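Heads up, the thing below is written out as structure tokens.
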Amino acid sequence: VTASTLARAVPPGMMRLAEDTRLVELARSGSGAAFDELFRRHHGAVHAAAYHILGDRDAADDVVQDVFIRVHGALPTFRGEASVRTWVMRIAVNRSISYQRWAARRRSPGLTEAGGTRNARASEGADGALREALGSLRPVERALIVLRDVRGHSYEEIGDMLGCSAGSVGVRLHRARTRLRREYSKLTEEAEAP
Amino acid sequence: MRPPTCREASSRLSLLLDGRLAPSDADRIGNHLEGCGRCQGEYEALASLRRALEALPTPEPRPDALARTRAALAPRRVRQPVAVLGLAAAALLVAVAYMGGRPRTDAGGGHAGPPLQEGAVTAGLDSRVRSAQPRVFSVATTPRACLRLPRHVAQRTHAAGVGDSAAPSGLAPSGRAIVIVCPSALAPDVATLPPFGLQPVLPAVEPGTASYSAVIDPGTGEPGSHLAVTRTVGDDLSVESVSIAYQPALPGEPADPPDTRTEEEDTSHVRPTPEDAGPVVAPMPRLVGDLMPSGLV
Numbered sequence: 002v003t004a005s006t007l008a009r010a011v012p013p014g015m016m017r018l019a020e021d022t023r024l025v026e027l028a029r030s031g032s033g034a035a036f037d038e039l040f041r042r043h044h045g046a047v048h049a050a051a052y053h054i055l056g057d058r059d060a061a062d063d064v065v066q067d068v069f070i071r072v073h074g075a076l077p078t079f080r081g082e083a084s085v086r087t088w089v090m091r092i093a094v095n096r097s098i099s100y101q102r103w104a105a106r107r108r109s110p111g112l113t114e115a116g117g118t119r120n121a122r123a124s125e126g127a128d129g130a131l132r133e134a135l136g137s138l139r140p141v142e143r144a145l146i147v148l149r150d151v152r153g154h155s156y157e158e159i160g161d162m163l164g165c166s167a168g169s170v171g172v173r174l175h176r177a178r179t180r181l182r183r184e185y186s187k188l189t190e191e192a193e194a195p
Numbered sequence: 015m016r017p018p019t020c021r022e023a024s025s026r027l028s029l030l031l032d033g034r035l036a037p038s039d040a041d042r043i044g045n046h047l048e049g050c051g052r053c054q055g056e057y058e059a060l061a062s063l064r065r066a067l068e069a070l071p072t073p074e075p076r077p078d079a080l081a082r083t084r085a086a087l088a089p090r091r092v093r094q095p096v097a098v099l100g101l102a103a104a105a106l107l108v109a110v111a112y113m114g115g116r117p118r119t120d121a122g123g124g125h126a127g128p129p130l131q132e133g134a135v136t137a138g139l140d141s142r143v144r145s146a147q148p149r150v151f152s153v154a155t156t157p158r159a160c161l162r163l164p165r166h167v168a169q170r171t172h173a174a175g176v177g178d179s180a181a182p183s184g185l186a187p188s189g190r191a192i193v194i195v196c197p198s199a200l201a202p203d204v205a206t207l208p209p210f211g212l213q214p215v216l217p218a219v220e221p222g223t224a225s226y227s228a229v230i231d232p233g234t235g236e237p238g239s240h241l242a243v244t245r246t247v248g249d250d251l252s253v254e255s256v257s258i259a260y261q262p263a264l265p266g267e268p269a270d271p272p273d274t275r276t277e278e279e280d281t282s283h284v285r286p287t288p289e290d291a292g293p294v295v296a297p298m299p300r301l302v303g304d305l306m307p308s309g310l311v
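So the protein lines, in turn, are chains A and B.
Counting from 1 along the first sequence, just add 1 to a position and that's the residue number in our numbering.
Counting from 1 along the second sequence, just add 14 to a position and that's the residue number in our numbering.
Below, the structure is given as structure tokens:
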């Protein structure tokens, strides 16, 4: 045990000062407090992304739980090639997309892909129309727009999360935005029609 | 350079919006937008859409999100066989008695205190610690750094950069090493009081366990210094594990005979075990027996 090794020890009360990668090391070795701190730091971002991808608060809560159970199980495989935030968000995006596909398969008539009813969304005004338009996109397109325009991630971060290059993110994002704009225009025109 | 067509400009509006175009390209597209109402309108629509997306309200996660996740993980934490915990409790009693009994220093001037009885171990400790249910899987100590650790443990701790007894800058020659191994599902948080500096061992000594090691320096401990392994439950720090008391050398006590063994000789004390041949999943309480000098176990 070298002095520097001992200096890196993090008492439970000091977890909030530890870096993410250190928390992963500690959580990997069995520290519940380190895992809890990781949860506190990242679950908000996971919830927000899942909420906007899925358009449903309860579904986002389910995804948060699912994501962190998987994070817990995947701690031994984290190699630090991406930041902890990017790693967690990659899992979050994958789980959100999987959840959406699962929900779509068992969706009852009258529900949009994003989980709300068309009438309910129409009554929400401009936000509702925007969510409706988002819900009409393919899951990956929706994730691209949410990560970039709602959550403000860089092309490089999104590429890490989705497993593609930053250049590919630019091309796919442009297509997704074009589709979103078309769908949104259609919905707002429908709403304004007498 | 020729001006862009509407088709080219349109395909780059998204990159322009995100500031991803090179300055020269951004100028070209910008010049085109100034003279093209249709492309300008398309750009404005994209920008407006993004402003609307940025303004979308985001609800807060439910306040019990962490508790729900913990609960979902909880079933993995209760599968410990009762027999294993029983063995652990037995191992702990032996380890506690041993740790309190015979500290040693390399200089030969160290003094061994009287064996510390179980009652004496717990007498000075916090009542929460005394009443705690031991849940640590195994506690083992070595008289001299890691040299007495079974080879597979020493190798793994060495590989992790912890417990490197071969390096002069590693364990203090006079220090003992303590290794605590517990099922990772029990996930203890480790709180220490001087002179202990408990450090997670990565990777764990045994598959499926969490391991911690520390050096105990007989020269720095105060009588009654103790180490507690605790778990955090909710927002409270609940001590539900074990506490180990360390009795430092007392003046006037008979000295241990000077340790004249060389490191090479000392390493030869590592008793070959079947575990040396490869990965080991033997129950860690055996460690205590392996580590004890003959006559103490």
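Quick reminder that beta carbons are idealized off the backbone N, C-alpha and C, glycines included.
Remember, predicted model here, so these are calculated numbers, not experimental data.
Contacts with chain B at 9 Å (Cβ-Cβ) do not include A/Ser166. The region 138-145 of chain A makes contact with the region 165-181 of chain A, as at least three CB pairs between them are under 8 Å. For A/Asp62, the nearest CB of chain B lies under 9 Å from its own CB, placing it at the interface with that chain. Chain-ordered, the chain A residues with CB closer than 7 Å to the CB of B/Ala59 read Arg182.
Under the three-state reduction of DSSP output, A/Thr87 falls in the helix class. For A/Ala192, no Cβ of chain B is located within less than 9 Å of the residue's own Cβ. By the criterion of a C-beta distance shorter than 7 Å, A/Tyr52 is surrounded in its chain by Arg58, Ala61, once the five residues flanking it on both sides are discounted.
The beta carbons of B/Ala59 and B/Ile43 sit about 16 Å from each other, so the pair does not count as a contact at 8 Å. With the rule of 3 Cβ pairs closer than 8 Å, the region 19-39 of chain A counts as touching the region 65-83 of chain A. If you draw a straight line from the Cα of A/Ala144 to the Cα of A/Tyr156, it comes to about 13 Å. If you compare the alpha carbons of A/Arg176, A/Leu24, A/Ala49 with that of A/Ala93, the shortest gap goes to A/Ala49.
By the 16-neighbour rule on beta-carbons within 10 angstroms, B/Cys53 is buried. The region 80-87 of chain B and the region 164-175 of chain A do not touch, with fewer than 3 CB-CB distances between them shorter than 8 Å. Using a Cβ-Cβ cut-off of 7 Å, B/Arg76 is close to Asp62 of chain A, given in chain order. The shortest C-alpha to C-alpha distance from B/Cys50 to any of B/Arg21, B/Leu80, B/Ala81 is the one to B/Arg21. Taking a beta-carbon distance threshold of 9 Å, A/Ile146 counts as an interface residue toward chain B. In chain order, Phe40, Gln66, Phe69, Ile70 make up the part of chain A whose C-beta sits under 7 Å from the C-beta of B/Thr83.
Around A/Phe79, the same chain offers Val25, Arg29, Val85, Trp88 as residues with beta carbons nearer than 8 Å, after the five sequence neighbours per side are excluded.
In the structure shown, B/Gly33 falls within a coil segment according to DSSP collapsed to helix, strand and coil. For A/Ala49, the uninterrupted alpha helix (DSSP H) run begins and ends at 33-55, by DSSP.
Here the C-alpha atom of B/Ala40 lies approximately 38 Å from the C-alpha atom of B/Glu74. Counting of Cβ neighbours within 10 angstroms places A/Glu82 among the exposed residues, the total staying below 16.
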